[in-house]
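Report on one structure; see the data block that follows.
Numbering (full-length UniProt numbering), first residue to last: 1 to 492.
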């Protein structure tokens, strides 16, 4: 793969190169501003390659040739404490650009995976799993309209060694060569082998690799710029690259429980409810203070029809928690700012770190519920969301986040009774809106969406529990009991 690169480079004298760069810079700026004005396409440029191939200088040059005010450049090294406490891809989600803007990713998701495999910190099956995860990430970006460009800047071992020695001979530049660079040189053969495997597995129509011979840095920079310009022009023309076929699901049917657990509740008195509530809250508190939970975290998702009791259930949970260690996320329609990013982006910002609890009053499931029913998402978009959600939740659970999901099932008659009660009581009137009444009229439209959601996103690691919630007391106790049992199972 890499051996033929030097044969593809057309010699170019300095004057010709300068003219080509001058034209390219003007065209790149025009294209960048047009993409920005359309505000339709985010652009992701990933720079990877061999040590000494000029990756950093290429990044700097792109920021010089284009308007850096509309570029976000992110360089990734060893993980800091905050990153270690989140799932593998979390830090890369934070670097994504909004529509119309450009992100330049230096030392990104491939460099980390390749380095781990080269230095034998992960085995081959784990390396492949990481690449599979990356493929899903890039496919999702492309389906959301992003232009994803990946560059591998290459030097053969002889040129790399000569480059390092040349830098070391000059006092002004010897600081550029580190012990880490020479270690990479000694590993050149293995790095190339692992990188070739990664490139072959992840070179797709929607996120292609571009291999660049970096023996002449000026020509390498020109080549990178030309590829970016061509991609921007394609995006401006309205053409969308055909996405590759869907990848095999991360969660296969054999790993899924047959159906969500259905917790049937019977009415109970307040007299019986209050001591049991206090007991379960104490049990939950003790579990969250268990030493093993310090290395885990908890995400609790609540979905249900309006007035199903989601808020009340959340409050009974938070009464058992240390206020410093939890956060409630009420999820509404995405803001104008959030709509400029991939739809899951806003939920990746809310990943709980170790020892913390995140409670979601509605969640990412809005994509396959309200957005599906109300037509806010096109059918191809909400149809692929089931697998994207499963992959999203699997990334969380693989990191050690305990994901508990509750569907609160309330009857139409009980919902009507609660709506009327909210209208009568002044301190509850804020809970009822014209939107609630309109949603009630579409009850029959929501039922198939709910059934599909439960069937297609009920997995072994992130199962649904359906709680019959006509009796609020019983429902709250059932939720607390379920949480305690799940935590006991996970922490033992």
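Ideal placement from N, C-alpha and C gives every residue a C-beta, glycine not left out.
All values derive from a computational prediction rather than experimental measurement.
- For residue 318, the uninterrupted alpha helix (DSSP H) run begins and ends at 310-318, by DSSP.
- Below 8 Å, enough C-beta pairs join the stretch 397-405 and the stretch 296-308 to call them touching: three or more.
- Between the stretch 178-185 and the stretch 224-235, the count of Cβ pairs shorter than 8 Å is below three; the stretches do not touch.
- In the structure shown, the three-state DSSP call for residue 361 is strand.
- With contacts defined as CB atoms closer than 8 Å, residue 95 and residue 121 fail to qualify as a contacting pair.
- If you check the CB distance, residue 89 and residue 388 do not come in under 8 Å.
- Counting of Cβ neighbours within 10 angstroms places residue 308 among the buried residues, the total reaching 16 or more.
- Boundaries of the alpha helix (DSSP H) harbouring residue 277: 270-288, taken from the DSSP string.
- C-alpha of residue 125 to C-alpha of residue 198: approximately 12 Å in a straight line.
- A residue is called buried when at least 16 other Cβ atoms come within 10 angstroms of its Cβ; residue 285 does not meet this threshold and is exposed.
- Only exposed fits residue 269, as fewer than 16 other CB atoms lie within 10 angstroms of its CB.
- Residue 470 is classed as buried because its beta carbon has at least 16 other beta carbons within 10 Å across all chains shown.
- For residue 407, the three-state secondary structure derived from DSSP is strand.
- In this structure, the CA atom of residue 208 is about 13 Å from the CA atom of residue 48.
- At the C-beta level, residue 218 and residue 17 come within 8 Å of one another.
- Residue state for residue 155 is assigned as coil, using DSSP reduced to three classes.
- Cα atoms of residue 133 and residue 203: separation of roughly 14 Å, rounded to the nearest angstrom.
- A straight line joining the alpha-carbon of residue 189 with that of residue 28 spans about 36 Å.
- In this structure, the alpha-carbon of residue 123 lies about 29 Å from that of residue 104.
- The three-state secondary structure of residue 302, taken from DSSP, is strand.
- Taking the C-beta atoms as reference points, residue 476 is found nearer than 8 Å to residue 316.
- Taking the CA atoms as reference points, residue 455 sits about 14 Å from residue 384.
- Residue 154 and residue 192 have their C-alpha atoms some 9 Å from each other.
- Straight-line spacing of the CA atoms in residue 430 and residue 69 works out to 43 Å.
- By the criterion of at least three beta-carbon pairs nearer than 8 Å, the stretch 76-91 is in contact with the stretch 343-355.
- Secondary structure of residue 205 (DSSP, three-state): coil.
- Boundaries of the beta strand (DSSP E) around residue 73: 71-75.
- For residue 106, the enclosing beta strand (DSSP E) begins and ends at 102-106.
- Distances from the alpha-carbon of residue 361 to those of 372, 328, 391 put 328 closest.
- Within its own chain, the residues whose Cβ lies closer than 7 Å to the Cβ of residue 449, once the five positions on either side in sequence are excluded, are 368, 369, 372, 373, listed in chain order.
- Runs of the beta strand (DSSP E) spanning 3 or more residues and lying entirely within the stretch 165-229 occur at 209-213, in chain order.
- Within its own chain, the residues whose Cβ lies closer than 8 Å to the Cβ of residue 137, once the five positions on either side in sequence are excluded, are 89, 92, 109, listed in chain order.
- As computed with DSSP, residue 123 is found in no beta bridge at all.
- Taking every protein chain shown into account, the CB of residue 400 has fewer than 16 other CB atoms within 10 angstroms, so this residue is exposed.
- Positions of the alpha helix (DSSP H) runs, each at least 4 residues long and wholly inside the stretch 433-460, are given as 434-441, 443-457 in order along the chain.
- Residue 206 and residue 142 do touch by the CB rule: their CB atoms are close to 3 Å apart, below 8 Å.
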